[in-house]
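Right, one structure below, let's go through it.
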Amino acid sequence: MSEVIKKETILSGMQPTGSLHVGNLEGALRNWVNLQEKYWMYCCIVDLHALTADYKDTKGMKDKVFQMAVDFLSAGLDPEKCAIFIQSEVPEHTELHLLFSMLITVPTLTRMPTYQDKKETLDSYGFLGYPVLQAADICLYNADKVPVGKDQEKHIWLAKDLAQRFNTIYKKTFKEPEALFTTIPLILGSDNRKMSKSYDNHIPLEFTEKQTEKRLRSFYTDPKKQRQGDPGTPEGCPIFLLHKVYTENPEQEIAPECRTGALGCVDCKMKLNANLNNALQPIRDKRVELLKNQDFVWDVLATGRDRARQRAGNMMDKVRKAMKISYRKK
Ligand code: SF4
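Per the numbering used here, the very first residue in the sequence shown carries number -12; after that it's consecutive.
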């Protein structure tokens, strides 16, 4: 893969949580798969970020990283078009993180919404500095854009601010990255909260058809609709939200019959089950194929690491020169 062709660069990252679920697929991965056609993509499995919460329990990290790489590839990320790599295998991330940490005050970091949300349970120095590491992740590849949800807007602002500060204090070195907001569907889990592995309300991509059906049967629905015949309200029902992604014309095919009561919730879930399983089947097939060829997955990660290190190494040379901490003869 040559980077001679002029394209903008995107950095995207995801914390390794093991195998991914439908919320990850529709909330991020599908978007990344589309973006790889237009941009140089660096897809980083951010294991160092995961340590801010799980620094004691690291025994499952290798498997979580591997499973995430399998799902990236199964969902359609193409290693010819994007570098898929593990953050800690590119030590320049931690180096730039340290250098950036000199340019920001502690009060600025304590005002970050993510710190405010979790400071009662996570108050380590590493967690406080999490957005600085994220800024380093982005600037290390001189990324033009970062695909994020609105909840990450403040972090991209921080990355841009750090890039600006560095450019002003030393020498223009970094591009100022921009958030790339895309409309992503709202995906809720079985308990009507955001779909998340930590809530155990999710539908993993690795589920079989039977497991998917069982999980869908447990999903929350409109509580006023107790049985077929009762009128329901599709808006806000997590099953209807999934129909909006996986069923053609849900506003005509599902919503009216829900409202009149002609459609019962079990039948509604089974229609979704069929459509969802159809959509996930190619991903599941690819998953099985990759699990039979695990060396290929590790090779993809090694190639991605080498590409990432090359770009990151060049960037760090520029950073050290700009800061006048480059101590080679010339
Ligand atoms: S019929 Fe479908 S959309 Fe309506 S409340 Fe039941 S599960 Fe939700």
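Backbone N, C-alpha and C fix where the C-beta goes; we use that ideal spot for every residue, glycine too.
- Judged by DSSP secondary structure, residue 0 falls outside any alpha helix (DSSP H) and instead within the beta strand (DSSP E) spanning -4 to 1.
- Under the three-state reduction of DSSP, residue 283 is assigned to helix.
- Close CB contacts of residue 262 within its chain, under the 8 Å cut and outside five residues either way in sequence, are with 230, 233 and 234 (chain order).
- In terms of CA proximity to residue 278, 57 leads the group 57, 20, 291 and 5.
- Listed as beta-bridge partners of residue 133 by DSSP are 166.
- In terms of CA proximity to residue 113, 39 leads the group 314, 39 and 3.
- With contacts defined by Cβ atoms closer than 8 Å, residue 203 and residue 259 form a contacting pair.
- Taking 8 Å as the cut-off, the beta carbon of residue 125 is found closer than this to the beta carbon of residue 146.
- Pairing residue 8 with residue 156 gives a Cβ-Cβ distance that is not under 8 Å.
- Annotated three-state conformation of residue 230 is helix, per DSSP.
- Per the coordinates, the alpha-carbon of residue 222 lies some 11 Å from the alpha-carbon of residue 241.
- Between residue 62 and residue 33, the C-beta spacing is not below 8 Å.
- Buried is the label assigned to residue 256, since at least 16 other Cβ atoms lie within 10 Å of its Cβ.
- Counting the other Cβ atoms within 10 Å of the Cβ of residue 98 gives fewer than 16, which makes it exposed.
- In this structure the stretch 272 to 287 does not lie against the stretch 194 to 214, because fewer than three pairs of beta carbons, one per stretch, are closer than 8 Å.
- Contact between residue 291 and residue 66 holds: their C-beta atoms lie close to 7 Å from each other, under 8 Å.
- Residue side-chain check: residue 241 places its Cβ nearer than 7 Å to a non-hydrogen atom of the ligand SF4.
- Taking C-alpha positions only, residue 163 is separated from residue 120 by approximately 16 Å.
- Spatial neighbours of residue 175 in its own chain (CB-CB distance under 7 Å, excluding positions within 5 residues in sequence) are listed in chain order as 181, 182, 225 and 228.
- Assigned with DSSP and collapsed to three states, residue 218 falls in coil, not helix or strand.
- Inclusion of residue 208 in the 7 Å shell around the ligand SF4 follows from its C-beta lying nearer than that to a non-hydrogen atom of the ligand.
- At a threshold of 7 Å, residue -7 does not count as near the ligand SF4, since its beta carbon sits no closer than that to any of the ligand's heavy atoms.
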